[in-house]
Structures are given as C-alpha cells and as structure tokens.
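Residue numbers (the working numbering): 103 to 202. Note that the Cβ used here is the ideal one computed from N, Cα and C, for glycine as well. Step one of this worksheet: look at the structure below.
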Ligand SMILES: [Zn+2]
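This is how it looks when you write it as structure tokens:
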C-alpha cells in the first residue's frame, strides 16, 4: 500500500497518508500548527539511491579511512609491476630483435 507524505509549509511537519489509490486526499491541516494546505513531498521509498549517491552522502571520515586502506594495499605501489620485470640484459634468451 503506497504511502503519501505531505509536509507543512509553515512548520515543516510531516504527515503520512496510507492510500490504495493515487489520488489520496491530503490532510486538511497540519496536525502540529493547524496551517491549511500541505504540500506533497517525495515518499522515502521513491528515492532511488545508487552506489554513487550513497558514497556521496557518506560521512567524510569514511572517505579518509577508505583512502588509507587503499594506500596500504600492494596494488597502490606504482612500481609494483616494474619490480616484476626482467631486464633484457638478464634474460636467458632475449629473442630476435623487433624490426619496425
Ligand atoms: Zn505545520
């Protein structure tokens, strides 16, 4: 059953209405301050959160922790692939030279 959320323009109070149909009738007035004319707000489940938006809303302290954790991995070393290479002078069979 869909939930329709209304917010009061005066005090910002939220009112939730359960309705079977799309044309749900909004509350007549705000339950907190009595102001008439509530505005419909997006329902919480209607917001689509992607991984990117979740990361954007993440507390900045976690960004620092993630950066620190990535910096401690072996893959973060830019020289890791160069360390695995064998120089041509040390190769057993350097092979035929490449002609262009
Ligand atoms: Zn109100």
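Bridge partner(s) assigned by DSSP for residue i
i	result
residue 106	119
residue 185	In the DSSP output, where bridge partners are listed per residue, residue 185 has none listed.
residue 192	Answer by DSSP bridge pairing: none, since residue 192 is not bridged.
Endpoints, the beta strand (DSSP E) within which residue i is located
i	result
residue 140	140 to 143
The alpha helix (DSSP H) enclosing residue i, as first and last residue numbers
i	result
residue 172	162 to 173
residue 158	153 to 158
For residue j and residue i, believed in contact at Cβ under 8 Å, the rounded distance
i	j	result
residue 196	residue 190	5 Å
Go through the residues and name those whose CB comes closer than 5 Å to any heavy atom of ligand 1, in chain order. 110, 112, 113, 115, 132, 134, 135 and 137
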